[in-house]
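Asks: Residue numbers (our numbering), protein chains in the order written: chain A, 118 to 482; chain B, -18 to 170.
For every residue, glycine included, the Cβ atom is placed at its ideal position computed from N, Cα and C.
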Amino acid sequence: MNPAREGRSVVINFNRDLIFFLFKTGLLLLGLLATFWILSYSGMVLTPLILAILLSILLNPLVLILERRGLNRTTAVVLILAALGIVLAAALTLLAPIIAREFKTLSGLAQHETPATLLDKLKNLLQRYLPWLKNSGLTTQIVSRAEKFLYSLLNQSIQLLPGIIAVAIALVLIPFMTFFLLKDGRRLKKSFIQVLPNRYFEMTVSLLHKIDLQLGSYIRGQMLVSLCIGILAITALAILDVPYFLLIGSAAGLANMIPYFGPIVGAIPAVILNVIAKGALGAALPVIAAFLLIRFIDDTLVSPNILGRSLKIHPLLVIIVIFTGGEMFGIMGLLLCIPVTGIIKVTIQELIWNFKHYRVLRGGD
Amino acid sequence: MKGSWRRVMAPSNHLWGNIFKEKNEGHRDTRILLKKIPLFAALTKSELKEIVRLIHHRQYRNEEIIFWEDEPGVGMYVIQKGAVGIYKDYAKAEQKELVRLEPGDFFGEMALLEDDFRSATAVALGETDLYGLTHPNLPDLFLRKPQLGVKLLSTLANILARRLRKTNQDLQRLEKNLPAAEAKEKTTP
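(1) Report the residue from Leu20(B), Ala101(B) and Lys73(B) whose alpha carbon sits nearest the alpha carbon of isoleucine 47(B).
(2) Do the region 34 to 49 of chain B and the region 130 to 140 of chain B make contact, defined as three or more Cβ pairs closer than 8 Å?
(3) For the alpha helix (DSSP H) holding methionine 57(B), just list the boundary residues, first then last.
(4) Listing by chain order, which chain B residues have their CB less than 8 Å from the CB of leucine 135(A)?
(5) Please determine, among Ile460(A), Ile448(A), Leu188(A) and Ala394(A), the residue with the shortest C-alpha to C-alpha distance to aspartate 358(A).
(6) What separation, rounded to the nearest whole angstrom, lies between the Cα atoms of proline 214(A) and threonine 352(A)?
(7) Does the separation of the CB atoms of isoleucine 67(B) and valine 55(B) fall below 8 Å?
(8) Who are the near neighbours of arginine 337(A) in its chain, counting only those whose CB is closer than 8 Å to its CB and skipping five residues on each side?
(9) Could you tell me the alpha carbon to alpha carbon distance between valine 419(A) and tyrosine 112(B), rounded to whole angstroms?
(10) For threonine 194(B), name the three-state secondary structure that DSSP assigns.
(11) Measure from the C-beta of valine 104(B) to each C-beta in chain A and report whether the shortest distance is under 8 Å.
(12) According to DSSP, is isoleucine 375(A) helix, strand or coil?
(13) For leucine 124(B), go through chain A and note every residue whose CB falls closer than 7 Å to its CB, in chain order.
(14) Residues of chain A with CB under 7 Å from threonine 115(B), in chain order?
(15) Pull up the distance between the alpha-carbon of phenylalanine 293(A) and that of lysine 307(A), whole angstroms please.
(16) Quick check on asparagine 471(A): buried or exposed, where buried means 16 or more other Cβ atoms within 10 Å of its Cβ?
(17) Is there at least one Cβ from chain B nearer than 8 Å to isoleucine 174(A)'s Cβ?
(18) Report, in whole angstroms, the separation of the C-beta atoms of isoleucine 310(A) and phenylalanine 297(A), which I expect to be a contact under 8 Å.
(19) Mark leucine 152(B) as exposed unless 16 or more other C-beta atoms lie within 10 angstroms of its C-beta, in which case mark it buried.
(20) Can you pull out the residues from the region 32 to 51 of chain B whose beta carbon lies closer than 7 Å to at least one beta carbon of chain A?
(21) Measure from the alpha carbon of leucine 188(A) to the alpha carbon of each residue in Phe21(B), Leu35(B), Leu124(B) and Asp70(B), then state which is nearest.
(22) Is there a Cβ of chain A sitting closer than 8 Å to that of aspartate 121(B), yes or no?
(23) Using a Cβ-Cβ cut-off of less than 9 Å, give me the residues of the region 306 to 321 of chain A that come near chain B, in sequence order.
(24) Checking 8 Å against the spacing of the C-beta atoms, do valine 312(A) and isoleucine 423(A) come in under that value?
(25) Give the single residue among Leu24(B), Ala105(B) and Leu20(B) whose Cα lies nearest to the Cα of lysine 126(B).
(26) Taking any Cβ of chain B, which residues in the region 457 to 476 of chain A have a Cβ under 7 Å from it, in chain order?
(27) Which same chain residues, not among the five before or five after leucine 410(A), have their C-beta less than 8 Å away from its C-beta?
(28) By a C-beta neighbour count over all protein chains shown, 10 Å radius and 16 as the cutoff for buried, is asparagine 149(B) buried or exposed?
(29) Residues of chain B with a CB under 7 Å from the CB of histidine 326(A): which are they?
(30) From the DSSP output, in three-state form, read off glutamate 3(B) for me.
(31) If you draw a straight line from the C-alpha of leucine 468(A) to the C-alpha of isoleucine 32(B), how long is it?
(32) Just to check my reading of the structure: alanine 401(A) and valine 388(A) have Cβ atoms closer than 8 Å, yes? What is that Cβ distance to the nearest angstrom?
(33) Please list the terminal residues of the continuous alpha helix (DSSP H) segment that includes lysine 153(B).
Pasting the structure below:
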């Protein structure tokens, strides 16, 4: 055969094989997504499981450090979880009076300020600071929109109440699952590899290792960045004397796990509450400035040093998965969709690399 | 009281027995086999137990491929039972058997050190049982047991140094004999 033609046929075969391989992988991922979707309806197990997986990835380096000091794995895991429990309990005990005070003020506000009085306050503010809106009828429109938003928010918070039982169950399940994932994670992985056919053995070992490495650094990095942002936000809001600074600051740190939108979503409640509490639109400025400063510190100091070259997800994909995650799984979906997308992206990347280098995926042997 | 504590922790007690059970049952033979391998010969009993926990036991049919030449390597294998053939250009017309390995022999150890591609194909000759130690396990192991890591790496370095010395000697001998061999080839009609 003509060598040029032979080369072309190899390329065609390669592309056809790659398409077939990607098709099979796509089917597998669809199957996984379907399983995930079905499991989400028994969300009492799935959400704690995902959180336990994230927690075990986060705590694994600490367990390794204790093992290095001569402790066996079970003891190391028990000690780490006990220490975490003590730290959380201590933090709660220390912060409980502040949180209780914040909730008390919040419920006090709810007693004195019904949604109707809050809306009146907003109307007065708008008319005082933006008098030109008075005649155009825009004030009424803005207030009616805000009214709808406020009531839908209240409705949603009422709907959240049955979730309290799920939270209580999760609080028991998460430490239990984390304990077993940390203690038996290696054994589970080994047992999974053990049942695979020989021809997939080396490829799977390599695939799982690379996914482990990339995902571990990504998740640990994201959580560490969120912790830094949370601490920065709490400090800044406390200095600015923003009401409920502890709750809003923690929420801002948590929201930071959602790329692009998180920082904005985290800042909005702080701005609104400060404006309402101080009764002046100007009160928004220092809070916005504080969040811009936090963003600047994050972009220049925190993220480059902690995340480095870890996994990057395209903004368009972020928008799609955030909306899909939020729509399908609510608040947990919003927070977990990015790490789950990370898992899928790393898996696809590594599968494509493996496809190029292992003949078993190209239909050989 | 001591007895009741033991009863609670006993393997027959499903929950606690499962959590704290001795996982090394049946691993004694593997430890004995590994102790005979030069790479693991210097390890203590507890260190060997660590290795046994990490290794994968794989069973191959006759002529089943263990790994292919030019594919990324993930670790080394120790032969427990059967035999393994190492080939260049396997399944091609110019196929060449480099070596035939037997129980107790090990191969693929270079993959423990570098993320490179396999230089030859390994094929099971007959029903073969192997123990595989993969390099993704090593960073974790070295972090947990640095002393074990140092022992393992220094033994591996010794083995590789010995092989390099032998390769150099072979090369020198070949270079020495090359002119004579060329002259002989020229004179032969």
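Replies: Reading off the structure:
(1) Ala101(B)
(2) no
(3) Element bounds for methionine 57(B): not the alpha helix (DSSP H) but the beta strand (DSSP E), 56 to 69.
(4) The contacting residues do not exist; leucine 135(A) stays about 17 Å from chain B at best.
(5) Ala394(A)
(6) 17 Å
(7) no
(8) Ile174, Leu175 and Pro178
(9) 44 Å
(10) Outside the displayed range of chain B (-18 to 170) lies residue 194(B), so it cannot be described from this structure.
(11) no
(12) coil
(13) Leu181 and Arg185
(14) Val322
(15) 21 Å
(16) buried
(17) no
(18) Not really, about 18 Å apart at Cβ, beyond 8 Å.
(19) exposed
(20) His37, Arg39, Tyr41, Glu45, Ile46, Phe48 and Trp49
(21) Leu124(B)
(22) yes
(23) Lys307, Ile310, Gln311, Asn315, Arg316, Phe318, Glu319 and Met320
(24) no
(25) Leu24(B)
(26) His474, Tyr475 and Arg476
(27) Ala353
(28) exposed
(29) Pro117
(30) Caution is warranted here: a pLDDT of 45 is assigned to glutamate 3(B), below 50, making its placement in the model unreliable, and no coordinate value can be reported.
(31) 29 Å
(32) 5 Å
(33) Looking at the sequence itself, residue 153(B) is glutamine, so the reference to lysine does not match. 127 to 168 is the span of the alpha helix (DSSP H), which, as asked, contains glutamine 153(B).
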